[in-house]
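Residue 2 is where the sequence shown starts when you use my numbering, and the numbers rise one by one after that. Beta carbons are placed, not taken as given, at the ideal position from N, Cα and C, and that holds for glycine. No experiment lies behind these values; they were computed from the predicted model shown. Everything below concerns the one structure shown next.
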Amino acid sequence: MTTLPDRSRTALLVIDVQNGVVAGAHRRDEVVANIAVLVDRARAEGIPVVWVQHSDENLPRGSEDWKYVAELSRRDSEPLVHKNYGDSFEGTDLEEVLAGAGVGRLVVSGAESDACIRSTIHGAFARGYDVTLVGDAHTAGDKSAWGAPPPEQVIAHMNLYWRWQEAPGRTAGVAETKAVTFEGPAPAEKP
2 MTTLPDRSRT
12 ALLVIDVQNG
22 VVAGAHRRDE
32 VVANIAVLVD
42 RARAEGIPVV
52 WVQHSDENLP
62 RGSEDWKYVA
72 ELSRRDSEPL
82 VHKNYGDSFE
92 GTDLEEVLAG
102 AGVGRLVVSG
112 AESDACIRST
122 IHGAFARGYD
132 VTLVGDAHTA
142 GDKSAWGAPP
152 PEQVIAHMNL
162 YWRWQEAPGR
172 TAGVAETKAV
182 TFEGPAPAEK
192 P
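Given below as structure tokens:
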């Protein structure tokens, strides 16, 4: 369980599902549809949905590429965290948003698996959060031209190694969209 005192709530994090980020992403439409299912379920269960939106010189704030994909819409009442680094906690108010909502457990979805998702789940875990990665609700573009494995292998590796993360007083895990629960620790899905 989380090491954060008096923080028993769960939040769904939706990270960087922006036009310019997921345009050529692996299984883009399926991943976006799964995230939409998670958002609808979280809202129906009264679970906070926190949106994270990246900007930098290649993704300028206000540009079409910077905007969230049309299939996902944030409600005005749902927090939007603007970031400039991979880890959604760095240089943002994410910690304050989560603390204010009493959140100690995160269910994480979005893009990109090998960048902002990886940085954020590690950043959250190191800060004391329980972290569930939604295995079929994160994606990445193809970076094999720069020596990375193909995106399907990157995603599979993320799902494999996150199942085995351990730290005192915290839980990590991976669940598919249909198996995600917003209460309690991550389901034990070990290969």
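Straight-line gap, residue i to residue j (C-alpha atoms, nearest Å)
i: Asp66; j: Thr182; result: 32 Å
i: His27; j: Gly174; result: 22 Å
i: Cys117; j: Ser74; result: 20 Å
i: Val132; j: Ser78; result: 23 Å
i: Val18; j: Val53; result: 8 Å
i: Asp7; j: His83; result: 26 Å
i: Leu60; j: Gly21; result: 7 Å
i: Val38; j: Pro151; result: 26 Å
i: Ala180; j: Gln154; result: 22 Å
Contacts around residue i, its chain only, beta-carbon distance under 8 Å, and the 5 residues preceding and following it disregarded
i: Glu96; result: Phe90, Arg128
i: Asp57; result: Asn85
i: Gly170; result: Met2, Thr3, Thr4, Gly129
i: Ala206; result: Only positions 2 to 192 of the chain appear in the structure, and residue 206 is not among them; the question remains open.
Buried versus exposed, by CB contacts within 10 Å (16 or more), residue i
i: Met2; result: exposed
i: Arg62; result: exposed
i: Asn160; result: buried
i: Glu184; result: exposed
i: Leu13; result: buried
i: Ser64; result: exposed
i: Ala76; result: This sequence places Arg at residue 76; Ala is not what is there. When all chains shown are included, Arg76 counts as exposed.
i: Trp147; result: exposed
i: Gly25; result: exposed
i: Gly105; result: buried
i: Gly101; result: exposed
i: Asp41; result: exposed
i: Ala71; result: exposed
Same chain, Cβ closer than 7 Å to residue i, five either side skipped, listed in chain order
i: Trp163; result: Ile122, Leu134, Ala173, Val175
i: Ala43; result: Leu13, Val50, Phe183
i: Ser9; result: Gly103, Gly105
Other residues of its chain near residue i: CB distance less than 6 Å, five sequence neighbours each side excluded
i: Gly136; result: Asn160, Val175, Glu177
*asked:* Below 8 Å, how does it come out for the segment 141-160 and the segment 45-60: are there three or more Cβ pairs, yes or no?
replied: no
*Only counting runs of 4 or more residues, tell me where the alpha helix (DSSP H) segments fall wholly within the segment 129-192, in order along the chain.*
152-163
*Are the segment 102-114 and the segment 28-45 touching, with three or more C-beta to C-beta distances below 8 Å?*
yes
*Which residue spans inside the segment 13-77 form an unbroken beta strand (DSSP E) run of at least 3?*
50-55
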